[in-house]
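**Q** If you're matching positions, the sequence shown starts at 1096 in this note's numbering and goes up one per residue.
Cβ atoms here follow ideal geometry from the backbone N, Cα and C, with glycine treated the same way.
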Amino acid sequence: MSEEDNGFENEPVVKNKNYFRYVWYSGLFLASLFVFLLFTFPYGVVKETIIGDIAQATGLNIRVKDIGPAFPVGVGANGIKVSSQDNLAQVELISADATVSVLSLLIGNVTIHAELVSKNKGVLHASVTYGLFQLIGGSSMVPNSVSLDSKGFELGPIVTLLLREKSKTADELIKATMTQIAFVGNLTGSADIKLSASEPIQSTGTVDLKFEKSSLEFNIPNLNVARQVFDKALVKGTLDKGKLTIDQNSALNSQELKVAFKGVSTLRNPFETSLLDFVIAIKLEGTLKDNFGVFMGFMGGNETGVNYKINGSLSRPNMQGSPN
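1. Since I believe Gln-1297 is in contact with Ser-1310 (beta carbons under 8 Å), could you give me their beta-carbon distance rounded to a whole number of angstroms?
2. Do Leu-1211 and Leu-1188 have their beta-carbon atoms positioned less than 7 Å apart in this structure?
3. Specify, as a first and last residue, the run of the beta strand (DSSP E) that Ile-1189 falls within.
4. Check each candidate in Asp-1372, Ser-1291, Asp-1335 and Asn-1348 and name the one with the smallest Cα separation from Lys-1305.
5. Can you tell me whether Ala-1152 is buried or exposed? The criterion is at least 16 other CB atoms within 10 Å of its CB, across all chains shown.
6. Just list the beta strand (DSSP E) runs in the stretch 1341–1381, keeping only unbroken ones of 3 residues or longer that don't cross its boundaries, in chain order.
7. For the stretch 1400–1416 against the stretch 1320–1336, are there 3 or more C-beta pairs whose distance is under 8 Å?
8. I need the DSSP call for Ala-1209, collapsed to helix, strand or coil.
9. Mind checking Leu-1268: buried by the 16 CB within 10 Å criterion, or exposed?
10. Return helix, strand or coil for Gly-1163, following the three-state DSSP convention.
11. Considering Gly-1396, what are the terminal residues of the beta strand (DSSP E) in which it resides?
12. Starting from Lys-1214, trace the beta strand (DSSP E) in both directions and tell me its first and last residue.
13. Which residues mark the beginning and the end of the beta strand (DSSP E) in which Glu-1249 is found?
14. Quick one: which unbroken beta strand (DSSP E) runs of 3-plus residues sit fully inside the stretch 1248–1313? Chain order, please.
15. Does the beta carbon of Leu-1227 come closer than 7 Å to any beta carbon on chain B?
16. Out of Gln-1180, Gly-1203, Pro-1164 and Lys-1263, which has the shortest C-alpha to C-alpha gap to Asn-1173?
17. If you drop the 5 nearest sequence neighbours on each side, which residues of the same chain put their C-beta closer than 7 Å to that of Gln-1180?
18. What span of residues does the beta strand (DSSP E) with Gln-1415 cover, start to end?
19. Identify the continuous beta strand (DSSP E) that holds Leu-1329 and give its terminal residues.
20. With DSSP collapsed to three states, give me the class of Ile-1405.
21. Taking the alpha carbon of Gly-1247 as the point to measure from, which residue in Thr-1283, Val-1237, Ala-1191 and Phe-1166 has its own alpha carbon closest?
22. Just the C-alpha distance for Gly-1251 and Ile-1202, rounded to the nearest angstrom, thanks.
23. To which residues does DSSP link Thr-1219 through a beta bridge?
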């Protein structure tokens, strides 16, 4: 009797052991299959297709030395060069990796990490997190969180390239000038923002970024414009209870250019109805005032500068200048 009882009691234990064994083998098989696919994926073919599509859509020249898998789940590229059609503005990256966090998926989030290494070996880490069901349902594309951490990342070439590309659609009065501006500077600092699209008042975060070894050069023939070396290039702000406030110390200051930032933005639901109330105060001196003061007048200011006010909603901002 006791042997039968013991046999009856041990039967569920045996079944449980077999169940976990099947789960283990199945998981091991799927993991092995995933690793096999990750490392045998035809990255070369995909690289040429993607680069070709991006180059055609943007009009940029793009070259990538090689592309392959990035651990644990992602893609990495080395030897990246992006340049304008005339090759006068160029961005070079030693490497760029983009990965998806596996641990984040286990708690219902999709977190994408990116790491960029610039030519000077500066590093920029960035990540963005969305709710998994948020992406599936398509209810909102506002991320749950955004973070950035940078140490000496070479941002200058990117800014210069963007200025040249933006000049294609700029007003004729400033188009030529935009193509002759070169910015130099390395980005250092961090930003950590947590957003709540449904309850904006719960949104919090900080921004503390600065540009090191930064300068602005105007390569314009027949114009005597001094190279602007920034002794202060700082952007700081806090997001508390759904209100983003720009720190009063945020500024870009060189020997002839003074740019101050101030204001607040109040987040709302839906996100695009968030309110803006910012002022960008620009002041010109010396050779900058002599050569570019007239442009301040076109923006609503005078030859010494302009106070540029941005208000309204995020989807329909109003912008107006006034003399400073």
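**A** Considering the structure as presented:
1. Position 215 of the sequence shown, counted from the first residue, corresponds to residue 1310. Position 202 of the sequence shown, counted from the first residue, corresponds to residue 1297. About 40 Å separates the beta carbon of Ser-1310 from that of Gln-1297, a gap too long to meet the 8 Å contact definition.
2. By one-based count along the sequence shown, residue 1188 stands at place 93. By one-based count along the sequence shown, residue 1211 stands at place 116. Yes, the pair counts as a contact, with Cβ atoms nearer than the cut-off.
3. Residue 1189 sits at position 94 when you count from the first residue of the sequence shown. Per DSSP, Ile-1189 belongs to the beta strand (DSSP E) from 1185–1195.
4. Counted from its first residue, the sequence shown places residue 1305 at position 210. It is Asn-1348 whose Cα lies nearest to the Cα of Lys-1305.
5. Within the sequence shown, numbered from 1, the residue matching residue 1152 stands at position 57. Residue burial annotation: Ala-1152 is exposed, with fewer than 16 other C-beta atoms found within 10 angstroms of its C-beta.
6. Taken in chain order, the complete beta strand (DSSP E) segments of 3 or more residues contained in the stretch 1341–1381 are 1346–1348, 1352–1361 and 1370–1379.
7. They do not touch, by the three-pair rule.
8. Start at 1 with the first residue of the sequence shown, and residue 1209 comes out as number 114. Three-state result, Ala-1209: strand.
9. Here residue 1268 is taken as the residue at index 173 of the sequence shown, counted from 1. Under this definition Leu-1268 is an exposed residue.
10. Residue 1163 sits at position 68 when you count from the first residue of the sequence shown. Gly-1163 falls in the strand class under three-state DSSP.
11. Numbered from its first residue, the sequence shown carries residue 1396 at position 301. Unbroken run through Gly-1396: none, as it is neither H nor E.
12. Taking the first residue of the sequence shown as 1, we reach residue 1214 at position 119. Here Lys-1214 belongs to no beta strand (DSSP E), and DSSP marks it neither H nor E.
13. Stepping through the sequence shown from its first residue, residue 1249 is reached at position 154. Element bounds for Glu-1249: 1240–1249.
14. Entirely contained in the stretch 1248–1313, the beta strand (DSSP E) runs reaching 3 residues are, in chain order, 1276–1289 and 1299–1313.
15. Absence of chain B from the displayed structure is noted, only one protein chain being present.
16. Locating residue 1173 in the sequence shown gives position 78, counting from the first residue. Of Gln-1180, Gly-1203, Pro-1164 and Lys-1263, the smallest CA-CA separation from Asn-1173 is found for Pro-1164.
17. Position 85 of the sequence shown, counted from the first residue, corresponds to residue 1180. Same-chain partners within the cutoff: Gly-1154 and Asn-1156.
18. Position 320 of the sequence shown holds residue 1415. Where Gln-1415 is concerned, the enclosing beta strand (DSSP E) stretches over 1412–1417.
19. Taking the sequence shown and counting its residues from 1, one reaches residue 1329 at position 234. Judged by DSSP secondary structure, Leu-1329 falls within the beta strand (DSSP E) whose first and last residues are 1327–1335.
20. Within the sequence shown, the letter at position 310 stands for residue 1405. Judged by DSSP in its simplified three-state form, Ile-1405 adopts strand.
21. Residue 1247 sits at position 152 when you count from the first residue of the sequence shown. For Gly-1247, the nearest C-alpha among the options comes from Thr-1283.
22. Taking the first residue of the sequence shown as 1, we reach residue 1251 at position 156. Taking the first residue of the sequence shown as 1, we reach residue 1202 at position 107. Straight through space, the alpha carbons of Ile-1202 and Gly-1251 are spaced by roughly 38 Å.
23. Within the sequence shown, numbered from 1, the residue matching residue 1219 stands at position 124. Reading the sequence as shown, one finds Leu at residue 1219 and not Thr. Looking at the DSSP assignment, Leu-1219 forms a beta bridge with Leu-1211 and Ser-1245.
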